[in-house]
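Asks: In this note's numbering, the protein residues as written are 310 to 783. The structure's right below; bear with me while I get my questions together.
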């Protein structure tokens, strides 16, 4: 029972007999008994009823709540965070995982009820359903998803190259990413300025990070090396060796080549320049993944009604019907990466053939193409956005649709205008957190920030880049 090093090692105990059940305090073995499973939720329940003490009845109530939760089906997001195919009650899963989002609305009600029943509560709870829903809302969807995303990134941190590391917010984010173990930053920028900012802001790095300054003599060798590789890659397109070396003096080209050659696992750029300006060099150096027809982007919007992916929000102005199909499939795969089972609505101003206009027909053709090419996808359309998002309304009017009764979580728009306008309207009116744009279809993990992204947005995008790199490893 000693923690972290027990008297009998996990491996020895496992070898000793076939029917053994082992729980430890370690995260690298099954059945981790972590105090974070108990104390936050015991205190939450106690505080909510103003308990005068925490007694044995309340502690036992927490134990029974955890035991019951361990026997219930595990949310897919937990499987993904812990790299499990399917967790289920058994020898290697006798206690919930610390990042299970259900803990907050499962344990505190049991503790609060025990406090009331044992006479130590000063407040009563009349509506337990309302109390549970209130607990679920306390952390918010955005906090829960970003926490789970960061937790998954921390399991296997990757090297992230930051193209604008001499920008204050980018450097602050890189410091947080490093200190929290989300990733291993590689900083590109003016070395003197980066060191000055680190000193002025008293940023603490436990060890000196790799800084690449393309303006100094020391970088010339790498610029020549990368230039030669880029020249071989693009010489059939009229690029000369001199031009290739000149381009490699530019940060986006240089960083892209680092990722292409495996000297960094992911790339973050776009803090100070427009999206098209950043995308162009990355596409030239890294290019599309095998089998990808069109690179696209999706935004994960954490709205008051739950998380939803919108595509394509940044790249393709007026995609053809088959391109819409590929975008839908990539958006669905991105949703899976985040732990969601994708349900895709192909949006239009018309519903299921109610209009014969070319724009509506394009979406109808895209749906047919998807059903032919990606039969595993749960998808339908053309459908108006209000019907797509209102399950009851859709089921009442169009009960034949594959989306009827489903919670749609991926919206694919017919063009860039509608997608970009919608995600920005949702962000401003609903106060939704926008994670993205998330690049889809690139050959390597490359992610581009919104212009002047906040420190938190850069940290979130860094976690996405790490998780993206992890998923490619698998």
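Ideal Cβ placement from N, Cα and C applies to all residues, glycine included. Everything numeric in this text was worked out from a predicted model, so none of it was measured.
Can you round the beta-carbon distance between residue 693 and residue 658 to whole angstroms, since I take them to be within the 8 Å contact cut?
Replies: Their Cβ separation, rounded to whole angstroms, is 7 Å, which keeps residue 693 and residue 658 in contact under 8 Å.
Asks: CA-CA distance, residue 549 and residue 651?
Replies: Residue 549 and residue 651: Cα-Cα distance of roughly 45 Å.
Asks: Would you call residue 344 buried or exposed, if buried means 16 or more other Cβ atoms sit within 10 Å of its Cβ?
Replies: With fewer than 16 Cβ atoms within 10 Å of its Cβ, residue 344 is classed as exposed.
Asks: By Cβ distance, which residues of its chain are closer than 7 Å to residue 530, with the 5 residues on each side in sequence left out?
Replies: Closer than 7 Å at the Cβ level, and outside the excluded window around residue 530, lies no residue.
Asks: Can you check which of these residues, 362, 372, 359 and 404, is closest to residue 381 by C-alpha distance?
Replies: Residue 404 is the option with its Cα nearest to residue 381.
Asks: Between the alpha carbons of residue 633 and residue 664, how many angstroms are there, rounded?
Replies: Computed Cα separation, rounded: 19 Å.
Asks: Using the Cα positions of residue 785 and residue 679, report the straight-line distance between them to the nearest angstrom.
Replies: The shown model of the chain, from 310 to 783, leaves out residue 785, and the question about it has no answer.
Asks: Would you kindly check if the distance between the Cβ of residue 520 and the Cβ of residue 497 is under 9 Å?
Replies: Their beta carbons are under 9 Å apart, which means residue 497 touches residue 520 by this criterion.
Asks: Buried or exposed: which applies to residue 369, given that a residue is buried once 16 or more other Cβ atoms fall within 10 Å of its Cβ?
Replies: Classification of residue 369: exposed, given that the 10 Å Cβ count is below 16.
Asks: Apart from the five residues on each side of it in sequence, which residues of its chain come closer than 8 Å, Cβ to Cβ, to residue 581?
Replies: Closer than 8 Å at Cβ, skipping near neighbours: 473, 476, 760 and 761.
Asks: Based on DSSP bridge pairs, tell me the residues matched to residue 687.
Replies: For residue 687, which the question treats as bridged, DSSP gives the partners 652.
Asks: Between residue 458 and residue 776, which are expected to be in contact by the criterion C-beta below 8 Å, what is the C-beta distance as a whole number of angstroms?
Replies: Indeed, because the Cβ distance is near 6 Å, the residues count as touching under 8 Å.
Asks: Find the nearest neighbour of residue 682 within the set 625, 740 and 600, judged by alpha-carbon distance.
Replies: Looking at the Cα atoms, 600 is the closest of the given residues.
Asks: If contacts are defined as beta-carbon pairs under 8 Å, then residue 594 and residue 562 qualify, I think. What distance do you get, rounded to the angstrom?
Replies: Confirmed, Cβ separation roughly 6 Å.
Asks: Report all residues from its chain with a CB closer than 7 Å to the CB of residue 396; omit the five preceding and five following residues, and keep chain order.
Replies: Here the set comprises 383, 387, 388 and 402.
Asks: Grab the span of the beta strand (DSSP E) containing residue 720 for me, first residue to last.
Replies: Element bounds for residue 720: 719-721.
Asks: With a 10 Å radius around its C-beta and 16 neighbouring C-beta atoms as the bar for buried, classify residue 573 as buried or exposed.
Replies: So residue 573 ends up on the buried side.
Asks: Which of the three DSSP states, helix, strand or coil, is assigned to residue 761?
Replies: In this structure, residue 761 counts as coil in the three-state DSSP scheme.
Asks: What is the DSSP secondary structure of residue 490, counted as helix, strand or coil?
Replies: If DSSP states are grouped into helix, strand and coil, residue 490 belongs with coil.
Asks: Tell me the residue span of the alpha helix (DSSP H) that contains residue 322.
Replies: From DSSP, the alpha helix (DSSP H) with residue 322 extends over 319-325.
Asks: Does the separation of the CB atoms of residue 469 and residue 495 fall below 9 Å?
Replies: Cβ distance < 9 Å, so residue 469 and residue 495 count as in contact.
Asks: Any contact between the stretch 423-437 and the stretch 352-371? By contact I mean 3 or more CB pairs, one from each, below 8 Å.
Replies: They touch, by the three-pair rule.
Asks: Over the uninterrupted alpha helix (DSSP H) stretch that includes residue 745, give me the two end residues.
Replies: Segment 742-749 is the beta strand (DSSP E) holding residue 745; no alpha helix (DSSP H) there.
Asks: Determine whether the beta carbon atoms of residue 518 and residue 558 lie at a separation below 9 Å.
Replies: No.
Asks: Smallest Cα separation from residue 415: which of 379, 330, 393 and 482?
Replies: Measuring from the Cα of residue 415, the nearest candidate turns out to be 379.
Asks: Please return the same chain residues whose Cβ sits closer than 6 Å to the Cβ of residue 455, not counting the five positions on each side in sequence.
Replies: Closer than 6 Å at Cβ, skipping near neighbours: 769.
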